[in-house]
Every structure is written in C-alpha cells, then in structure tokens.
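Asker: All residue numbers for the sequence shown refer to UniProt numbering, where the first residue is 1 and numbers rise by one.
Virtual Cβ for every residue (Gly too), placed ideally from N, Cα, C.
Take this structure, written in structure tokens, and hold onto it; I'll ask about it next.
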Amino acid sequence: PAVDDRRAPRVAWSAARSETCADGVASAAGGHAASRGSPAAFEPKTPEDAVLALQIALKCADVGHLSLPWSAHLQWVLRLESEFFEQGDHELSLGMEAVSSLMDRSKPGVSHSQGPFFDFITPLFQVLFNAFPGVKPMHDAVLANGDRWRTLEAARAA
Numbered sequence: 001p002a003v004d005d006r007r008a009p010r011v012a013w014s015a016a017r018s019e020t021c022a023d024g025v026a027s028a029a030g031g032h033a034a035s036r037g038s039p040a041a042f043e044p045k046t047p048e049d050a051v052l053a054l055q056i057a058l059k060c061a062d063v064g065h066l067s068l069p070w071s072a073h074l075q076w077v078l079r080l081e082s083e084f085f086e087q088g089d090h091e092l093s094l095g096m097e098a099v100s101s102l103m104d105r106s107k108p109g110v111s112h113s114q115g116p117f118f119d120f121i122t123p124l125f126q127v128l129f130n131a132f133p134g135v136k137p138m139h140d141a142v143l144a145n146g147d148r149w150r151t152l153e154a155a156r157a158a
C-alpha cells in the first residue's frame, strides 16, 4: 500500500520509539539474564526499566489479537477492516477530498497489509518474550500468524 506522506513523520517517530523501547528492555533483560545465568525472571534494575517493561507489555496487549489462534485473529482483522472502511465512508459523506489510509473501500484494506505490520511489530513481542519467557505461547502465535499472512500475501501477488 502507498505511504501517506502526512503521517510519515509520526510513523517514523513511532517506529524509532518502539525500537528504542525494545532495545531498552532487551538490554535490561539481557543484563539480568547474564547476571543470573538464565532468563527465568525479569527484575528491573531501575524504575525506568520497570516503566519501559510495562509500556512494552501494554503495547503488545493493545495489539493482542495478533497472538490469538488464527481463526480468532482473522476475525479481529476483518472487524478492524470493516471499522476502517466505515470510517472512510463517513469521511466521504463529509465531502473530504481524500480518505485516510487503509479506509478507502476501493483500495486494499487492513487485511492486505498484515505482513508488513507483523514485520514491524514482531520485534516488540520478541523483546517481551526475552524479558518474560512465560509469554512464549503468545510469541509463538505472533510468529505463526505473521508467517501465515506473508504466505497469503505472496499467493495474492503471484
């Protein structure tokens, strides 16, 4: 899908912030693992580490449907796409010249952009898993769902 240039600075900032947060928790978790010999439990060394870990956990929770079994995840993506298209319809009814990205029914929607979205967000789940190994089932589901979307998108492109 085309990039909405008006959002590019915000998207770039968001990506950089996510990467910085991920690096911070990974460093904190990595330091902990090295000092303990295993990643069994994450113990933040500073209040900032604790806040960072919470921010990453909340972001992962915000997109938690990515970690659901495929059938449930797919239903959430289709609901999101429907909501976005309704928003686009509303924008058109208001006479707006351009409809927001992924909200125009005449163009591919959210269900056609999941591969790149998973590429963007999976590292955050990896950091969460590195810090908290108990989220392995969630992490594994994110990896599996991302692979499935990329396979579907490759088949569509062929």
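1. Check whether the Cβ atoms of PHE42 and ALA131 sit closer than 8 Å, and answer yes or no.
2. Does the beta-carbon of VAL77 have 16 or more other beta-carbons within 10 angstroms, so that it is buried, or is it exposed?
3. For GLY109, which three-state DSSP category applies?
4. Mind checking GLY37: buried by the 16 CB within 10 Å criterion, or exposed?
5. What residue from ASP147, GLY109, PHE129, ALA158 has the CA that sits closest to ALA61's CA?
6. Helix, strand or coil for PRO137 per DSSP?
7. Which value, in whole angstroms, describes the spacing of the CA atoms of PHE118 and VAL142?
8. Could you check the C-alpha separation between GLY88 and SER106 for me, to the nearest Å?
9. Please classify LYS45 as buried or exposed, where buried requires at least 16 neighbouring CB atoms within 10 angstroms.
10. Grouping DSSP H, G and I as helix and E and B as strand, with all else coil, what is ALA97?
11. What span of residues does the alpha helix (DSSP H) with PRO116 cover, start to end?
12. For ASP49, count the other beta carbons within 10 Å of its own beta carbon; 16 or more makes it buried, fewer makes it exposed. Which is it?
13. Quick one, which of ALA57, HIS90, VAL51 has its alpha-carbon nearest ILE121's?
14. For the alpha helix (DSSP H) holding residue 193, just list the boundary residues, first then last.
15. Per DSSP, what kind of secondary structure is ASP147 in: helix, strand or coil?
Answerer: On the basis of the supplied data:
1. Your numbering for residue 42 matches position 42 in the sequence shown. Your numbering for residue 131 matches position 131 in the sequence shown. Going by C-beta atoms, PHE42 is nearer than 8 Å to ALA131.
2. One-based indexing of the sequence shown puts residue 77 at position 77. Buried: at least 16 other Cβ atoms inside 10 Å.
3. Within the sequence shown, numbered from 1, the residue matching residue 109 stands at position 109. DSSP places GLY109 in coil when its eight states are reduced to three.
4. Numbered from 1 along the sequence shown, position 37 holds the residue referred to as residue 37. In this predicted model, GLY37 has a pLDDT of only 41, less than 50, meaning its place in the structure is not dependable; the value taken from the coordinates is given anyway. Looking at its Cβ environment, which holds fewer than 16 other Cβ atoms inside 10 Å, GLY37 is exposed.
5. Locating residue 61 in the sequence shown gives position 61, counting from the first residue. Out of ASP147, GLY109, PHE129, ALA158, PHE129 has the C-alpha closest to the C-alpha of ALA61.
6. The count along the sequence shown starts at 1 and reaches residue 137 at position 137. Residue state, collapsed to three classes: helix.
7. Taking the sequence shown and counting its residues from 1, one reaches residue 118 at position 118. Taking the sequence shown and counting its residues from 1, one reaches residue 142 at position 142. Each residue's Cα considered, the two are about 8 Å apart.
8. Translated into the one-based positions of the sequence shown, residue 88 becomes position 88. Translated into the one-based positions of the sequence shown, residue 106 becomes position 106. Roughly 10 Å between the two C-alpha positions.
9. Walking along the sequence shown from the start, residue 45 turns up at place 45. Exposed, because fewer than 16 other Cβ atoms sit within 10 Å of the Cβ of LYS45.
10. As a first step, residue 97 must be located in the sequence shown, where it is residue number 97. Position check: residue 97 holds Glu in this sequence, whereas Ala was assumed. The answer is coil: DSSP assigns GLU97 none of H, G, I, E or B.
11. Looking up residue 116 in the sequence shown gives position 116. It spans 114-131 - the alpha helix (DSSP H) in which PRO116 sits, taken as one unbroken run.
12. Here the question's residue 49 lines up with position 49 in the sequence shown. Result: buried.
13. On the sequence shown, position 121 is the one that residue 121 refers to. Of the listed residues, the one whose Cα sits closest to ILE121 is ALA57.
14. With the chain covering 1 to 158 only, the question about residue 193 has no answer from this structure.
15. Here residue 147 refers to the residue found at position 147 when the sequence shown is read from its first residue. Helix.
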